[in-house]
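S.K.: Using this note's numbering, the first residue of the sequence shown is number 24, and each one after it goes up by one.
Below is a structure I'd like to ask you about.
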Amino acid sequence: MKLGIRFKLSIAFILVIIVPIVFIVAGFLFTVTIIANSDNDIKTGAICRDIKTRVEDNYSLIDDYNSLYRKLEKPIKQYGLYIKVLDYNGKILFNSEVAKEILREKEMDDKNKSFLSSLKLYEYEGLLKVQGNEVGRILIRADSSTYPFNIGLKMIIGFVIIITVAFLSLITLIITFTRNISKSILKPLKELDVATSNIANGNLDFKINYYKGDELGRFCRAFDTMRKKLKESLEKQVQDEKLKKELIASISHDLRTPISSIKGYVEGLQDGVPKDKEMFDRYLFVIKSKSDYLDHLIDDLFQFSQMELDKMNMDIKEYNSQDLIEDILQNYKLEFKNSDIDFEIEYPLPSIPVKVDKYRISQVIDNLIGNATEYIKNSGKIKAGSVIMDDYLKVYIKDNGEGILEEDLPMIFERFYRGEKSRSRDYGGAGLGLSICKYIVDRHKGNIWVDSKKGKGSTFYFTIPIEQDNKTK
């Protein structure tokens, strides 16, 4: 499971607070336990009692500093002790420091001593008895840096270590989490900043590389998806602009040619060029053919404008599929009756209720048959029919014409597209017929496609959905 940024931040804050506290508490308990379980108190007590006994045993040397000091020299040097013997009036009878020939007495707060050596935290005071009589008192102070009198120092050092470890753990956690969070936040933000600058400058050929599973990772993926969509949209827009310019140029050419022809034939009629009825009728036929072509071209443009504005109205009604398809195809059977094109309706036609706009479906079939007529040679054949395919009524128009190039197949239903050969300007049209067919079929929630090979003809298919409870032939 991928951890989100919010969860990471929460964990980071909790650990930054808890870990140092755990170190402090654990260290404190550990130090106290070690000290509590040590034998320092036993040893220090034994040492002090031993010195007290030595003083009592050698009390007769109290006025002889050097002699008494030699009796006490070993423990004094070993443990760094500071010993005073005082009478009941507080007069100093013996001072170990004086005995060491130190010029002035070093009290506990001597500022010239180092910090550790000045920490004489251990003090022992006891009564001196000689032959059962109390003769004074002894004061023993131990250097806290000397074992076994270093309990306080141990505690201080332990606490210093604890605080230091807790502080270092805090710093380590802060550095670690800062680096991790900066990678999770600052890195993607930097990429997004660069991405927005690229988009602002019109550059969409870049890639965002942050794809982790956190919030910013998902945002970066969405941003990159938006970039790709925007790039596709702009490329399509550029392509559409190019195609529209080509369309204008194509329409200009397609309109100029028949208009010039019509104009020439009309002028010929005005000048009385036709000398007999046959020539006169031929002139009228050419004028009508060119007018029909112009009408077809203008109708395509009108249908295209409706399609672009999504204002192509659909008058959906329920029809029997057999009656619908046969009614539309019978018109072409009559039209091709006296031509050199063999038009055939393939029976039987399925009988199933379908909901369609009859005029629009007729328009689709008209375009497909019109295309077939344009691209077949003399004595060509066109077959049309319909079958039930799963939940659809499938209508097909098959011809034995010159076919379509394989590289043109994926694009023939695109608006303005005119194949270099199979849909060239030699056949006329603005390249809108098939795109209009696709739009109409899409509005009926169907599909349209073609099977074709160059030199072997083409078969166009389109489908109309039927309801589940009406699937019978």
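Ideal Cβ positions, reconstructed from N, Cα and C, are used throughout, including at glycine.
Are residue 339 and residue 380 close, meaning C-beta to C-beta below 8 Å?
M.R.: Contact flag set, yes.
S.K.: In whole angstroms, what is the alpha-carbon distance linking residue 244 and residue 375?
M.R.: Their backbone Cα atoms lie some 48 Å apart in a straight line.
S.K.: Can you find the residues in the same chain that come closer than 7 Å, C-beta to C-beta, to residue 116, ignoring five residues on each side of it along the sequence?
M.R.: Closer than 7 Å at the Cβ level, and outside the excluded window around residue 116, lie 85, 108, 109, 110, 159.
S.K.: Roughly how far, in whole angstroms, is the beta-carbon of residue 403 from the beta-carbon of residue 431, given that I think they are within contact range, below 8 Å?
M.R.: Wrong, their Cβ atoms sit about 20 Å apart, outside the cutoff.
S.K.: Using the three-state DSSP reduction, which class does residue 488 fall into: helix, strand or coil?
M.R.: Correct three-state label for residue 488: strand.
S.K.: Considering just the uninterrupted stretch of the beta strand (DSSP E) at residue 377, what are its terminal residues?
M.R.: 376-379 is the extent of the beta strand (DSSP E) around residue 377.
S.K.: Could you tell me which residues DSSP puts in a beta bridge with residue 482?
M.R.: According to DSSP, which records beta bridges pairwise, residue 482 is partnered with 421, 474.
S.K.: With distances taken Cα to Cα, identify the nearest neighbour of residue 351 among 479, 315, 391, 155.
M.R.: Among 479, 315, 391, 155, the Cα nearest to that of residue 351 is on 391.
S.K.: Are three or more beta carbon pairs between the region 90-97 and the region 184-197 nearer than 8 Å?
M.R.: The answer is no - the region 184-197 does not touch the region 90-97, with fewer than three Cβ pairs under 8 Å.
S.K.: Starting from residue 347 and walking both ways along the beta strand (DSSP E), at which residues does that stretch end?
M.R.: Segment 344-358 is the alpha helix (DSSP H) holding residue 347; no beta strand (DSSP E) there.
S.K.: Looking only at its chain, what residues have a beta carbon closer than 7 Å to the beta carbon of residue 197, apart from the 5 residues adjacent to it on each side?
M.R.: Cβ neighbours of residue 197 beyond the five flanking positions: 39.
S.K.: Please report the distance separating the alpha-carbon of residue 135 from that of residue 97.
M.R.: Low confidence applies here, because residue 135 scores a pLDDT of 40, under 50, leaving its location unreliable and the question unanswered by this model.
S.K.: Could you tell me whether the region 325-332 touches the region 345-359, using the rule of 3 or more Cβ pairs below 8 Å?
M.R.: Counting Cβ pairs under 8 Å, fewer than three are found: no touch.
S.K.: Could you check what DSSP says for residue 267 in three-state terms: helix, strand or coil?
M.R.: Of the three classes helix, strand and coil, the one that applies to residue 267 here is helix, per DSSP.
S.K.: Determine, using beta carbons only, whether residue 400 and residue 424 come nearer to each other than 8 Å.
M.R.: Yes, Cβ-Cβ distance for residue 400 and residue 424 is below 8 Å.
S.K.: Residue 156 by DSSP, collapsed to three states: which one?
M.R.: Note: residue 156 maps to strand in three-state DSSP.
S.K.: Considering residue 118, what are the terminal residues of the beta strand (DSSP E) in which it resides?
M.R.: From DSSP, the beta strand (DSSP E) with residue 118 extends over 115-118.
S.K.: With a CB to CB cut of under 7 Å and the five nearest residues on each side skipped, what residues in its chain are close to residue 488?
M.R.: If we look at residue 488 and ignore the five residues flanking it on each side, its Cβ neighbours are 414, 415, 468, 469.
S.K.: For residue 129, which three-state DSSP category applies?
M.R.: Because residue 129 sits at a pLDDT of 40, beneath the cut-off of 50, its placement in the model cannot be relied upon, and the following sentence gives the value as read from the coordinates. Here residue 129 sits in coil by DSSP.
S.K.: Quick one: what does DSSP say residue 96 is sitting in, helix, strand or coil?
M.R.: DSSP places residue 96 in helix when its eight states are reduced to three.
S.K.: Classify residue 486 as buried or exposed, calling it buried when 16 or more other Cβ atoms lie within 10 Å of its own Cβ.
M.R.: Buried, by the Cβ-count rule.
S.K.: Using 10 angstroms around the beta-carbon of residue 302, count the other beta-carbons present and answer buried if the total reaches 16, otherwise exposed.
M.R.: Under this definition residue 302 is an exposed residue.
S.K.: Specify the secondary structure class of residue 182 as computed by DSSP and reduced to three states.
M.R.: It is helical.
S.K.: Check whether the Cβ atoms of residue 161 and residue 75 lie closer than 8 Å to each other.
M.R.: Contact: yes.
S.K.: Who are residue 412's beta bridge partners in DSSP?
M.R.: DSSP output for residue 412 lists 415 as bridge partner(s).
S.K.: Helix, strand or coil: which one does DSSP assign to residue 149?
M.R.: Three-state result, residue 149: strand.
S.K.: Please confirm if the region 362-378 is in contact with the region 311-321, defined as three or more CB-CB distances below 8 Å between the two stretches.
M.R.: No, they do not touch.
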